[in-house]
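Student: Sending over a structure as structure tokens; questions will come in a sec.
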Amino acid sequence: IHLLRYVMRSSVCTILSTPDIETSMSYPDYYQGPHDHKALLILVRNLGKQLSEQLFNKVFEKISSITEVQVADSKGLNRSITVRYVSHYPIENNDWGEFQTHRRVLGLVSVAKCTSQNELNDICRNHESLKVKYSSTLYDSRCIIFGINPDGAICESIPHRNDSDASLGISNDSKQINSQDELQADNTNICDQSESSETVSVQSIGDSSNSSQECQKDLNASVTATDCATTGDMPKSGIPVSTPSNFKTVPLFYPDFDSCKTINDSFQEFISSLFWILESKRVDKPYDKLERIPVYCAPFEKKDFVGIDMESKSNKKRCQGRVKKRLGDLCLQADLIYEAFSHYVQAAEILKSVSDWLWLAGSYEGICSASAVLLYPDLGKKQTESAQDEKAKDPSISNISNGQDSETLSSKNCLSPEGINEKYREAVLHYCKFRNAGIIEAECSIKAAKVLIEQKKYLTAAEFLHNVVSINLNISDEEKIQRFTVLSDLYSEIGFHRKSGFFRRIAAVRCVAPRVSNPSWSQCYKLLFDTLSGYKIQLDPDIFLRRKNIGWPALQIQILQELIGTARKMENNALATRHMTFLLHALFPHLTSSEKMEFAQQLQTLTSRCDGAPVPLTIDNGIVVPPVNLYSIPEVREFRLEAPPAHLHPVKLKNKVESTGPFIFCPIQPSLSNKNRSKKTFNWVEGDVCDISMQVVNPLPVELKIPYFTVVGDVVPFDVRPLSVTLPNGTGVNTIKLSGVPRGTGELKMLGYNSHVLGVKSFCQLDSHPFIKRPQYLIDVIPALPQLHIFTNLLKTLQEDVSPDSTPVVTSVSVTLLSGESCECEVTITNTSNVPVELLDIELESSDRDSEKSMFKWSPENVVSQLPIQPKQSASFTLYIYAVGDFVAPIKCDEESDSLNSNIYSMPGSLFSSGPSSRHSANFFARSRSKRAESTNSLNSLRSGVSFRSCSSYSSLGNSSNVQKECNSVNTAKKIQGKLKVRYSGGPGLTSGYCRLANILINVEINPSLQITKWDVLPGELPNQCYLVFDVRNMTQQEMELEYFPQKIMLIEASETCRIPVPVERCPLEKFTGCTKNTEEEYKAIQRVCIEHVSSLVDLKWSLGGGEKTGGATITGINWTSAMLDLIQMAPLRYDINIDGKDLSEVDDLKCGVGDLVEVEINLHNQMSIPLENYLLWIQCYQDHENGFSNYSLETRLAIIGKDRLYLPLIEKGGQFCHTVGMVFFTPGTYKLDIQSSSQTAKSQHLVPAFQSAHVWTCSPPIEISVLEKY
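Mapping to UniProt numbering: the sequence shown position 1166 is 1166, numbers consecutive.
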């Protein structure tokens, strides 16, 4: 029967425990911790209309600093009484004080201000009404009133209403917390009830013999005396006021907030009074000896005990267990932690036996709280600095109650950390059985999570927090916001940052839910702003981009979009612009093309309403949003400082290198610092226009307009011309070139660039740029230098910045000339700068070093005379260009000629020894002498000056061995490049040792005009004269008029060849003074003298097109053979020949008959300025068959009377020698007489001429004798 009755009662209890709005806790306190079970709850309220909210917050902050008071109990042991303050507390939560005593409001503090007696009466009446509201749990109260002096008079120094509001921070329209409508009783009932309540409280504190009025007077007198002693100079007293006679609360009067210096002492006394009342309640009655045990129950359990027999055994146990649990709460608040732990354990054993799950859960929670206070004394404490300093000064003050050390703690006195977790879990499991205890369950889970966080058991703490989420509570939106905010904070403490951000975002959404009548967008923005850290969003773009691949881009984009939308709802366009700029800058790679275009349009719309300047923004809560520079739009791929043009590059003036010591080679190369890597090797010049180029890309799918784009420099002033750029979409990399002018000297530091894109002003620094790896660019700016503009009158060609040898080029000109032609190049130099030119050096280099000096000529003195060149002034000079050509065609001889002349060119000889003279030359002149008349007419025609056409008459000249064989005429142009080097400086740059180099490339194309294809030397009619015979070819495509001798002109058709004889004087012997040895060097010297001699005498002048083009030709480069040189130079011996007593020059045709004696007289004259020694004279006769062969074997055809060979040991200077010989011819025919002399190396009359060892001087032309038959 008893068991059935118990089951029925339990079922009724379950049915009656359905949620009831009146019995459920309506205001959850998510900020509670295990230590709050030990705290005394004090309610602080603002009364009246005079006290502003700001002043009340100051008073509340000052009061809240007193969180712990040390009180000595009756045994002399210190009790650490903890206090918790609230400014709002629903009466429904206070009703749960029977279940857990820390939820009861034990103290009431009212704060108000008054200026008259009526206002003071209203304050007292409102205070008493609050006391009635919490009368079921209230122990004691205080009323703090500003505006009244400690002596009870109105403070006159405080102005009435308007003035006092400003001085004390009072607002007339401040919100009044308790209005007159909230009063629950009339004045009479209030006074009566307050008097009875206050009488009980005072009797509990003081002696039982004292009445309530006497205690009230003593308290008022003590407070007044203390305030008067500590206040000092008090304001002037006014009309005295007093509290109503039925007002039993202790008032605290202060003129203003600055005067309440004794409030700490007053509150310590107030907390002590609460402690003593609590202590009296705890030791009031031994409940185990009472016949009828009081029944304690939760608000929703009161219906359960209607009609139930409380005298039953199970109900008695239930009541005993609940009483034990209540005693544990009181002991915990009285700082008797070990006694509280013992009561909780006993209560749990009793309640578990009767299945009282709700109170069993409360007991478990109490056990955990007591254990947490012992094991983690600093958990959840926020002590002020003053309290910490007080503990540091007094080591006797311990966090462990009743003077016990932490070393005495054992498993018998408290739970272990694992035991705390297990008991909390059981408590939550029991709480979840009751729908009305949902808030208690949520608070218990949060307390358990805080303990687990202290234990660093984060995963277990996450399980308790998840339980809080799963509890379905019927709470308001404001409470839901608070719930999710607390969860977010706790998840953040355990390292679940993303989940923390998730719940904070939910709280933000609840602030502006559709059913919310007054959505708070500012609170929503604050909560969303706090979620950024959970989603790994750092609003400092430098830090965010430095931490690559952290976070979830899709979530980050969504959060930033919500933040932007919230800022727009707040009508804070500056914040919306800043966040949108950050979104585009930091998360641009993660956006789709449509998102990029959409966000870019939104940003442009936002910036049209406010300026997008990159300045820090301060939010209302004091948080500073850092500036954001838009690096991603446009994307700058490359930032490059352009070197000046090659001809404007400053160059250091070369100084004489001084030896500073030995050269030491070190194979270890020092690493370059970042500064050196960023520094450019070239320099800029002050005042010059300098260029900076950037490679940019438009990342948007639409056209991008950049109305302002410039660069930023530091240290040296740098004026930049901003650009307005439009970048089309889909064009890839675009080049932007900016120009600026340095306005100083030193090291210019390029920091970055400024841009206005989509309405956002950005300063993009190079050290933070994602694409550019250099933090800055450094370049030296040197003092100002002049600039020159150089131009010529020649035809310009395609200009290059540098020449083939990497030297700067200003201009490149070209001219086409025929070899031997000349032209004039006018060079004009203009100073285009504002700096005078004080140094101007001109040099010229040519690709043809040999002909450089003869090809280009100018007057350096003329250039120097025009210095200095002032700004905007010019100077000029003339450069003469002469086309030096190769007028001699290259030789290409066949093998036959090489073999024929091998012995002629095999051994060089001296002036006195050489090979024999050419036989072909003798045959040629023999034939010419046989045709004297024809020959004479030809020579006369050469001297007459009559022009004649060219002809190909090679036969006669071709038979001579002295004539060079067929040559290749190469009709190719020769290109020569001349480089006119101009070095100039002036002004400050010259003082600093800098200059500029500018070069003019002169490309000269030399086409052949004429070429000498063949040449020979023929003896002249006079001994001191010879003929230079040339075959000249016209290499042009026009008719050429050639003047080869004064008044001797010849017309040569295009590409035709003509032979010309040029008479010249033979080289006199005086030029060969000192040449007495047979050496190779001597031979080369003789050859050089002969070449210079004939080159100075031959002057070939040509003209084309009737004189449009004129020029000359030289015979430099002709290779003269030794035989030719013999004819060019004067012979040391002169031959005078007499035949039969007659001078040979007077005989036109020499004839004789067979058997006639022909007497030949030979006179040798020494024409040298020195004696001639060891000469050999010989006479030889031969017959020329005119077919290339000659017959020297004439022993049967003639007889010689006398010596045909004669040795001459010495011929004095200016002396002569005569020798006569006779000849008799036996057969008719034509005979030639060859008379020769040679210098011998030894005195021997039997030596024969050796071609390789002696030089032969021949009497030319050979003497030709015609022998006729006699009839």
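Don't be surprised by glycine CBs; every beta carbon is placed ideally from N, CA and C.
Is it the case that the segment 724 to 735 contacts the segment 694 to 712, given that we only count it when at least three CB pairs across the two stretches are under 8 Å?
Tutor: yes
Student: Which word fits F1189, buried or exposed, when buried means at least 16 other C-beta atoms lie within 10 angstroms of its C-beta?
Tutor: Here the question's residue 1189 lines up with position 1189 in the sequence shown. F1189 should be labelled exposed.
Student: Where does K569 sit, in a helix, a strand or coil, going by DSSP?
Tutor: Along the sequence shown, read from residue 1 onward, the residue named residue 569 stands at position 569. Reduced to three states, the DSSP call for K569 is helix.
Student: Taking C-alpha atoms, which residue in L1172, S992, Q50 lies nearest to K654?
Tutor: Here residue 654 refers to the residue found at position 654 of the sequence shown. It is S992 whose Cα lies nearest to the Cα of K654.
Student: Can you tell me whether T249 is buried or exposed? The criterion is at least 16 other CB atoms within 10 Å of its CB, across all chains shown.
Tutor: Indexing the sequence shown from 1 puts residue 249 at position 249. The residue in question, T249, is buried, as its Cβ has 16 or more Cβ neighbours within 10 Å.
Student: So A334 and E279 are supposed to be a Cβ contact under 8 Å. How far apart are they, rounded?
Tutor: Reading the sequence shown from its first residue, position 334 is the one you call residue 334. Reading the sequence shown from its first residue, position 279 is the one you call residue 279. Sure, about 6 Å apart at Cβ, within 8 Å.
Student: Would the segment 32 to 48 and the segment 359 to 372 be scored as touching if the rule is three or more Cβ pairs under 8 Å?
Tutor: yes
Student: Between which two residues does the alpha helix (DSSP H) holding R125 run?
Tutor: Against the sequence shown, residue 125 aligns to sequence position 125. Residues 117 to 133.
Student: Between the alpha carbons of T972 and W858, how many angstroms are there, rounded?
Tutor: Along the sequence shown, read from residue 1 onward, the residue named residue 972 stands at position 972. Along the sequence shown, read from residue 1 onward, the residue named residue 858 stands at position 858. Taking the straight line joining both Cα atoms gives about 29 Å.
Student: Going by Cα to Cα distance, which pick from K1232, K1014, L336, S847 is closest to T82?
Tutor: Numbered from 1 along the sequence shown, position 82 holds the residue referred to as residue 82. Minimum Cα distance to T82 is reached at L336.
Student: What is the DSSP secondary structure of I337, reduced to helix, strand or coil?
Tutor: What you label residue 337 is simply residue 337 of the sequence shown in a count that begins at 1. Three-state DSSP puts I337 in a helix.
Student: Taking S470 as the reference, which of A600, A462, M855 has the closest Cα?
Tutor: Position 470 of the sequence shown, counted from the start, is the residue given in the question as residue 470. The shortest Cα separation from S470 among A600, A462, M855 belongs to A462.
Student: Pick helix, strand or coil for P28, following the three-state DSSP scheme.
Tutor: Start at 1 with the first residue of the sequence shown, and residue 28 comes out as number 28. In the structure shown, P28 sits in coil (DSSP, three-state: anything other than H, G, I, E or B).
Student: Using a threshold of 7 Å, state whether the C-beta atoms of L1268 and P1228 are closer than that.
Tutor: The residue given as residue 1268 occupies position 1268 in the sequence shown. The residue given as residue 1228 occupies position 1228 in the sequence shown. It is a contact, given that the beta carbons lie within the stated cut-off.
Student: Taking the DSSP output, what are the residues bridged to R79?
Tutor: Within the sequence shown, residue 79 is the residue found at index 79, counting from 1. Answer is V71.
Student: Provide the residue span of the beta strand (DSSP E) that contains T735, from first to last.
Tutor: For the purposes of this step, residue 735 is taken as the residue at position 735 of the sequence shown. 733 to 742 is the span of the beta strand (DSSP E), which, as asked, contains T735.
Student: Consult DSSP for N477 and reduce its assignment to one of helix, strand or coil.
Tutor: Counting from one through the sequence shown, the residue named residue 477 turns up at place 477. Asn is not the amino acid found at residue 477; the sequence shown has Asp there. In the structure shown, D477 sits in a helix (DSSP, three-state: H, G or I).
Student: Where does L1233 land, buried or exposed, given buried means 16+ other C-beta within 10 angstroms?
Tutor: Along the sequence shown, read from residue 1 onward, the residue named residue 1233 stands at position 1233. Looking at its Cβ environment, which holds 16 or more other Cβ atoms inside 10 Å, L1233 is buried.
Student: Look up T581 in the DSSP assignment and say whether it is helix, strand or coil.
Tutor: Counting from one through the sequence shown, the residue named residue 581 turns up at place 581. If DSSP states are grouped into helix, strand and coil, T581 belongs with the helices.
Student: How about the segment 1163 to 1180 and the segment 1207 to 1221: do they share at least three Cβ pairs that are nearer than 8 Å?
Tutor: Taking a contact to require three or more Cβ pairs closer than 8 Å, the segment 1163 to 1180 and the segment 1207 to 1221 qualify as touching.
Student: Report the option in Y458, C1259, S1103, A646 whose CA atom is closest to the CA atom of Q1180.
Tutor: On the sequence shown, residue 1180 is found 1180 positions in, with the first residue counted as 1. Ranking Y458, C1259, S1103, A646 by Cα distance to Q1180 puts C1259 first.
Student: How many Å lie between S1096 and I1118 at the Cα?
Tutor: Against the sequence shown, residue 1096 aligns to sequence position 1096. Against the sequence shown, residue 1118 aligns to sequence position 1118. Cα to Cα, S1096 sits roughly 14 Å from I1118.
Student: Do you know how far the Cα of K652 is from the Cα of G986?
Tutor: Residue 986 sits at position 986 when you count from the first residue of the sequence shown. Residue 652 sits at position 652 when you count from the first residue of the sequence shown. One C-alpha to the other measures close to 13 Å.
Student: Does the pairing of the segment 865 to 879 with the segment 832 to 840 give three or more beta-carbon distances under 8 Å?
Tutor: yes
Student: What does a CB cutoff of less than 6 Å around I1265 pick up in its chain, not counting 5 residues either side in sequence?
Tutor: Within the sequence shown, residue 1265 is the residue found at index 1265, counting from 1. Here the set comprises L1150, Y1231.
Student: Count Cβ pairs between the segment 61 to 68 and the segment 256 to 265 that sit closer than 8 Å; are there 3 or more?
Tutor: yes
Student: Residue range of the beta strand (DSSP E) that R996 falls in?
Tutor: Residue 996 sits at position 996 when you count from the first residue of the sequence shown. 994 to 1007 is the extent of the beta strand (DSSP E) around R996.
Student: Could you please give the first and the last residue of the uninterrupted alpha helix (DSSP H) stretch that includes H466?
Tutor: Numbered from its first residue, the sequence shown carries residue 466 at position 466. Run containing H466: 458 to 470, per the alpha helix (DSSP H) assignment.
Student: What are the boundary residues of the beta strand (DSSP E) that includes K38?
Tutor: The residue given as residue 38 occupies position 38 in the sequence shown. No beta strand (DSSP E) holds K38; DSSP gives it neither H nor E.
Student: Do you know offhand how far V495's Cα is from A437's?
Tutor: Within the sequence shown, residue 495 is the residue found at index 495, counting from 1. Within the sequence shown, residue 437 is the residue found at index 437, counting from 1. The sequence given here has Gly at residue 495, not Val. So the alpha carbons of these two residues sit roughly 29 Å apart.
Student: Is the separation between the beta-carbon of I1128 and that of C1152 shorter than 7 Å?
Tutor: For this step, residue 1128 is matched to residue 1128 along the sequence shown. For this step, residue 1152 is matched to residue 1152 along the sequence shown. Against a cut-off of 7 Å, the Cβ pair of C1152 and I1128 comes out as no contact.
Student: Is the beta carbon of A883 closer than 7 Å to that of E821?
Tutor: As a working note, residue 821 is residue 821 in the sequence shown. As a working note, residue 883 is residue 883 in the sequence shown. A contact, by the Cβ cut-off of 7 Å.
Student: So what's R142 in DSSP terms, helix, strand or just coil?
Tutor: For this step, residue 142 is matched to residue 142 along the sequence shown. In this structure, R142 counts as strand in the three-state DSSP scheme.
Student: Tell me which same chain residues have a C-beta within less than 8 Å of the C-beta of S1169, skipping the five on either side of it?
Tutor: Position 1169 of the sequence shown, counted from the start, is the residue given in the question as residue 1169. Result list for S1169: L1069, E1070, T1073, K1213, in chain order.
Student: Report back the beta-carbon spacing between Y753 and C764 to the nearest angstrom; my notes put them in contact at under 8 Å.
Tutor: In the sequence shown, the residue the question calls residue 753 occupies position 753. In the sequence shown, the residue the question calls residue 764 occupies position 764. 6 Å between Cβ atoms; contact.
Student: Where does M1168 fall in DSSP's three states?
Tutor: Within the sequence shown, numbered from 1, the residue matching residue 1168 stands at position 1168. DSSP places M1168 in coil when its eight states are reduced to three.
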